[in-house]
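For the sequence shown, this note's numbering gives the first residue as 138, with consecutive numbering after it. All C-beta atoms, glycine included, are put in the ideal place defined by N, C-alpha and C. Shown next, in structure tokens, is the structure this report addresses.
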Amino acid sequence: MDRIDFHAPRRCLLEPIQAIFDAAKNLDDAVDAHLAGDRTAADALILEADRPEIYRWTDAIWGRHVAEILRIRPVANAPPTLRKDDRPIPRAPVAETRRRVIDRDGYHCRFCGIPVIDRRVRSMLREHYPIALRWGRTNNQQHAAFQCMWLQYDHVLPNGRGGDSSADNIVVTCAPCNFGRMERTLEEVGVLDPRSRPVIRSAWDGLERIRRQKKK
138 MDRIDFHAPR RCLLEPIQAI FDAAKNLDDA VDAHLAGDRT AADALILEAD
188 RPEIYRWTDA IWGRHVAEIL RIRPVANAPP TLRKDDRPIP RAPVAETRRR
238 VIDRDGYHCR FCGIPVIDRR VRSMLREHYP IALRWGRTNN QQHAAFQCMW
288 LQYDHVLPNG RGGDSSADNI VVTCAPCNFG RMERTLEEVG VLDPRSRPVI
338 RSAWDGLERI RRQKKK
């Protein structure tokens, strides 16, 4: 990778692959099948969404820390890393802030744009499909699509660098975009501010309809 490409601005650490969107369609259909009472079809669709190429994409961002993906560079006058006692409180967004951010951002990563799913939806589905929706203790023991599409509330300016947990500094992201960047600023990895782009609007509901159905 030449120097011009290395320093070129980009919207995310690594552009998503088509398999992620195909898996999201599998999971969307799986929830429809589950709600219609077709557990066999739902199980098969969840299993189909567990694709090795998705795991490899995720692992390239947060696992192996490939220099060509992270593209970390020094930034003049970057905010320092603060001691934990000096970081803004609360360090994570409270429930009301999370609701406001979801209302604003929906269920797509503000960086790479992939569909995302709240962990509570994953946990609910896993109760019904514990084999198809595997979720072990290590990354390679977890369902690739649910791992990749795991909804996060990410600080645009990291909390460890002085960023607060207000809705203005929090965006919805996928797990790879969140954990890949960690405490680095956007400038340090050459990623554009996601707040400068329109929010993605689509029919994707984060599979939240399964939670709404349970509450009825």
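Query raised in the report: By how many angstroms is the C-alpha of Gly250 removed from the C-alpha of Asp139?
Result: Note that Asp139 has pLDDT 47, beneath the 50 cutoff, so the model's placement of it is unreliable and the number below is only indicative. Going by the C-alpha atoms only, they are around 26 Å apart.
**Report entry** Whole-angstrom distance between Asp223 and Glu325, CA atom to CA atom
**Finding:** 21 Å
**Report entry** the region 166-180 contacting the region 295-306, beta-carbon criterion three pairs below 8 Å
**Finding:** no
Query raised in the report: For Pro216 versus Leu329, is the C-beta spacing smaller than 7 Å?
Result: no
Query raised in the report: Based on Cα-Cα distance, which residue from Pro211, Ile206, Asn163 lies nearest to Pro313?
Result: Ile206
Query raised in the report: Of all the options Val308, Gln350, Phe283, which has the alpha carbon lying nearest to the alpha carbon of Cys195?
Result: Residue 195 is actually Thr in this sequence, not Cys. Closest option to Thr195, Cα to Cα, is Phe283.
Requested in this report: Enumerate, from N- to C-terminal direction, the unbroken alpha helix (DSSP H) stretches of 4 or more residues contained entirely within the region 160-233.
Outcome: Under the rule that a run must span 4 or more residues, the alpha helix (DSSP H) segments found entirely inside the region 160-233 read 176-185, 189-199, 204-207.
Query raised in the report: Anyone know if the C-beta pair for Ala229 and Ser339 falls short of 7 Å?
Result: no
**Report entry** Spatial neighbours of Gln350 in its chain, beta-carbon cut-off 7 Å, leaving aside the 5 residues before and after
**Finding:** The residues are Leu172.
Query - DSSP-derived helix/strand/coil call for Arg147 - result: Arg147 falls in the strand class under three-state DSSP.
Requested in this report: Take Asn306 as the anchor and find which of Arg237, Thr218, Arg210, His265 has the nearest alpha-carbon.
Outcome: Of the listed residues, the one whose Cα sits closest to Asn306 is Arg237.
Report task. Along the alpha helix (DSSP H) that carries Gln284, what are the first and last residues, could you check? Result -> 281-285
Query raised in the report: Would a C-beta distance cut-off of 7 Å place Asp355 and Ala281 closer than the cut-off?
Result: This structure cannot settle anything about residue 355, because the visible part of the chain is limited to 138 through 353.
**Report entry** Euclidean distance between Cα positions of Val212 and Pro189
**Finding:** Distance between Val212 and Pro189, taken at the CA atoms: about 36 Å.
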